[in-house]
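2 protein chains.
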Amino acid sequence: MALMYDGAIQDLIDAFAKLPGIGPKGAQRIAFYLLSADKHEVTHLAETITTVQEKVKFCEICGNVTESSPCAICLDPRRDASQICVVEEPKDVMAIERTREFRGKYHVLGGAINPMANVGPGDLRIKELLGRLGDESVKEVILALNPNIEGEATTTYLSRLLDPVGVRVTRLASGLPVGSDLEYADEITLGRAFSGRSEA
Amino acid sequence: MALMYDGAIQDLIDAFAKLPGIGPKGAQRIAFYLLSADKHEVTHLAETITTVQEKVKFCEICGNVTESSPCAICLDPRRDASQICVVEEPKDVMAIERTREFRGKYHVLGGAINPMANVGPGDLRIKELLGRLGDESVKEVILALNPNIEGEATTTYLSRLLDPVGVRVTRLASGLPVGSDLEYADEITLGRAFSGRSEA
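Protein chains in written order, with the numbering used here: chain A, 98 to 297; chain B, 98 to 297.
Listed below in structure tokens is the structure:
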């Protein structure tokens, strides 16, 4: 009794089911979509997958993804070189860019300290960050790590490490997300919103 | 200000975001996963995508996906040729196979009647179904279409069409899903469960 599809279609389902966020049903749906999709779209998808590792590099200065190193942000003379915003991943750079609140430069660590996953300070681009601070022009390092255990640990580690360097070290505000309900905020978030309260 | 990623990574995100069930955030997550994934896995994924349309065919008898036509189920002499189960899509064949309740043959229509999407009876493999019924050995046609408007319309259409052919035409039972709560069943499902009740 056939409980799997014949060869190629099952191979495709299996390959998609390995990707993050795609389960077996989703992979099946995509496989049948591709089976009857426009040939050009299918070829384009396969090509973008094949070439992404060759084409995409990491910026030698900030560690962000880019097609040419140094990246456009590091090379942009209109961006304020006195502020460096430290993030975990390239997608965090994109999230901050969308706010249009920050006009400085970035530094991508490539993750956060996570003893459970065997990620220590030596696995992150911390040495490269210290190297950039040797330049006198940097006045402020903004730690913009994720507000979870790993991000908090990394923030604490970096703020202690940077203390003797003599630059201002700041971190993003914790508090109530805009558009949310006070009633549904967890105790830690609500507590932080209290301790970080400002004049109204 | 860069609000998109550089070329290749954005191309990959865009290509994945076009697939069913994947939104922009999911596509971004997959793109970064592939960027740092094992080269072999990436190549394998691209190859399975490229080759699926070449390798996968549709069975000339039942219309199911297969790598060689006729498919394994149609060729299997141990399967009961007196019963044909009519389904919308190849994935429905797989769903029924997993129940291990059915030992007959299948017929895949390739969809359901849907005037809103311009799918009429002529777009489905109905002529092919009638052709198979010319064979005396078929005693029962089981209509196993989806329990939604399009599936119901197709079931009604087919049961009228097959009425003069002289084979038994049955449809799957409607009722309460196993493991569910009576309280949460919608009126139509609960009504069908009543009208279709059996001796306890």
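In this text, a Cβ means the ideal position worked out from N, Cα and C, and glycines have one as well.
Between the alpha carbons of residue 286/B and residue 259/B, how many angstroms are there, rounded?
26 Å
Counting only Cβ pairs nearer than 7 Å, list the residues of chain B close to residue 148/A.
105
Residues bridged to residue 280/A (per DSSP):
Bridge partners of residue 280/A: none, in fact.
First and last residue of the uninterrupted alpha helix (DSSP H) at residue 256/B:
246–259
Please list the terminal residues of the continuous alpha helix (DSSP H) segment that includes residue 235/B.
Neither: residue 235/B is in no alpha helix (DSSP H) and is coded neither H nor E.
Looking at the strands, I want to know which residues DSSP matches up with residue 267/A.
239/A
Residues, ordered as in the chain, of the segment 119–130 of chain A that lie near chain B by beta-carbon distance below 8 Å:
119, 123, 125, 126, 127, 128, 129, 130
Determine the chain B residues that contact residue 108/A at a beta-carbon separation under 7 Å, and present them in chain order.
145
Tell me which same chain residues have a C-beta within less than 6 Å of the C-beta of residue 131/B, skipping the five on either side of it?
139
Where does residue 115/A sit, in a helix, a strand or coil, going by DSSP?
coil
By alpha-carbon positions, which one of 234/B, 123/B, 212/B ends up nearest to residue 262/B?
234/B
For residue 129/B, which three-state DSSP category applies?
helix
Can you tell me whether residue 181/A is helix, strand or coil according to DSSP?
strand
Count the C-beta pairs between the segment 137–153 of chain A and the segment 102–120 of chain B that are closer than 8 Å, then say yes if the count reaches three, no if not.
yes
Show which residues of chain B have a CB atom less than 7 Å away from the CB atom of residue 112/A.
141, 142, 145
Determine the closest residue to residue 229/B out of 202/B, 151/B, 105/B, with distance taken between C-alpha atoms.
202/B
Work out the CA separation of residue 272/A and residue 255/A for me, nearest whole Å.
21 Å
When DSSP labels each residue in this structure, what does residue 162/B get in the three-state scheme?
strand
On the DSSP letters alone, give me the boundaries of the beta strand (DSSP E) that residue 201/B sits inside.
201–205
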